[in-house]
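Working notes, structure below.
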Amino acid sequence: MSFTPKDNYFYKAKKQGYRARSAFKLQLIQEKYEILKEGDRVLDLGAAPGGWMQVALEYVGNKGKVVGVDLQPIESLNNKQAIEIVGDVTDFDIQKALMEYAPYNAIVSDMSPKTSGMKLADQARSLELVEMAFGIADEMLEKSGSVVAKVFESPEIQMLRKDLHKKFQRVELFKPKASRKESFETYFVAIGKR
2 MSFTPKDNYF
12 YKAKKQGYRA
22 RSAFKLQLIQ
32 EKYEILKEGD
42 RVLDLGAAPG
52 GWMQVALEYV
62 GNKGKVVGVD
72 LQPIESLNNK
82 QAIEIVGDVT
92 DFDIQKALME
102 YAPYNAIVSD
112 MSPKTSGMKL
122 ADQARSLELV
132 EMAFGIADEM
142 LEKSGSVVAK
152 VFESPEIQML
162 RKDLHKKFQR
172 VELFKPKASR
182 KESFETYFVA
192 IGKR
């Protein structure tokens with residue numbers, strides 16, 4: 002199966018002013034689960050180029066805040082509700098900067114490992130990233146908050162889902178239709194931190 006980077010969502014994103022087609026993934030997750038609300042503080046992990054931040058800003062409005070962090074630079078969104086941070090989320094100084102805005106009502110993560118083409122290695126690295134996102138949620142997510150985090154499908158994610166049920170009232174796996182059919186990605190949607 003050939004890779005088609007310019008599909009309908011690519012053109013739709015350009016037409017609607019989104020920086021990436023992935024913006025529609027968060028939109029579809031939001032439509033189904035309503036995790037983002039007006040006035041929320043949202044942390045976006047793996048935020049570059051900023052498409053998920055754009056969507057989150059639409060939902061949190063003028064009273065909310067969206068903090069995005071990525072290893073890659075995030076071009077300014079020119080929005081006083083948006084804070085773009087460049088750095089490694091595991092770095093102490095970056096975590097300290099993120100804590101300034103905590104607790105967050107929602108944490109969203111579209112982090113993805115650089116794929117090697119070796120399925121097991123890619124799945125393992127993806128699992129590490131999603132576990133990191135939930136580790137950050139342990140520290141920075143408010144009680145009753147929600148997490149959306151990308152993960153590559155693997156047998157291990159069911160074990161993680163079971164563990165997450167201890168920390169959240171509702172945990173589901175959801176693959177939005179904006180994800181390519183050939184993609185192994187799916188999203189944890191964890192609602193209601195205990």
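For the sequence shown, the residue numbers in the working numbering are 2 to 195.
Even glycine gets a Cβ: it sits at the ideal position worked out from N, Cα and C.
Source: prediction; values computed, not measured.
Residue from the options with nearest C-alpha to residue i
| i | options | result |
| --- | --- | --- |
| Ser-110 | Arg-195, Lys-120, Gly-146 and Ala-134 | Ala-134 |
| Val-131 | Met-54, Met-112, Asn-9 and Tyr-105 | Met-112 |
| Leu-165 | Glu-183, Ser-184, Thr-187 and Gly-136 | Gly-136 |
| Asn-63 | Gly-40, Phe-25 and Ala-57 | Gly-40 |
| Met-100 | Leu-27, Gln-159 and Val-68 | Val-68 |
| Glu-198 | Leu-142, Trp-53 and Asn-106 | One cannot answer for residue 198 here, as it falls past the ends of the chain, which runs 2 to 195. |
| Phe-108 | Gly-47, Val-149, Lys-144 and Phe-169 | Per the sequence presented here, residue 108 reads as Ile, with Phe not at that position. Nearest C-alpha to Ile-108: Val-149. |
| Tyr-105 | Ala-138, Ser-23, Val-56 and Arg-162 | Ala-138 |
| Ala-159 | Asp-71, Asp-94 and Thr-187 | For clarity, residue 159 is Gln in the given sequence; the question names Ala instead. Selected option, being the one with the closest Cα: Thr-187. |
| Val-70 | Glu-129, Val-56, Val-43 and Arg-126 | Val-43 |
| Gln-82 | Lys-7, Gly-65, Ala-125 and Lys-26 | Gly-65 |
| Lys-168 | Arg-181, Lys-182 and Leu-142 | Leu-142 |
| Gln-170 | Ser-180, Ala-21, Lys-182 and Gly-146 | Gly-146 |
| Arg-20 | Lys-26, Gly-51 and Ile-30 | Gly-51 |
| Tyr-60 | Pro-74, Asp-92, Leu-27 and Glu-183 | Leu-27 |
| Lys-144 | Ala-103, Glu-183 and Arg-126 | Ala-103 |
| Ala-48 | Val-87, Glu-140 and Leu-128 | Val-87 |
| Ser-127 | Asp-92, Leu-161 and Lys-182 | Leu-161 |
Residue i - DSSP class collapsed to helix/strand/coil
| i | result |
| --- | --- |
| Phe-169 | strand |
| Asp-196 | Not covered by the structure: residue 196. The range shown for the chain is 2 to 195. |
| Phe-153 | strand |
| Gly-65 | coil |
| Lys-120 | helix |
| Lys-182 | coil |
| Leu-72 | coil |
| Leu-128 | helix |
| Lys-7 | coil |
| Leu-161 | helix |
Residues sharing a beta bridge with residue i, DSSP
| i | result |
| --- | --- |
| Leu-174 | Phe-189 |
| Ser-147 | Ala-107 |
| Leu-142 | Tyr-105 |
| Lys-194 | Phe-169 |
Closer than 7 Å: residue i CB and nearest the ligand SAM heavy atom
| i | result |
| --- | --- |
| Val-68 | What this structure holds is no ligand at all, so the ligand SAM is not there to describe. |
Segment contact flag, the region 31-44 with the region 184-193, C-beta cutoff 8 Å, min 3 pairs: Touching, per the Cβ criterion.
Given 8 Å, three or more beta-carbon pairs between the region 117-124 and the region 77-89: No: the two stretches stay apart, fewer than three of their Cβ pairs being nearer than 8 Å.
At least three beta-carbon pairs within less than 8 Å, the region 173-192 to the region 151-162: Yes, the region 173-192 is in contact with the region 151-162.
Length at least 4, wholly inside the region 15-58: the alpha helix (DSSP H) runs in chain order: Here the runs fully enclosed are 24-34.
Segments of 3+ residues assigned as beta strand (DSSP E) that fall wholly inside the region 80-110: Listed in chain order, they are 83-87 and 105-110.
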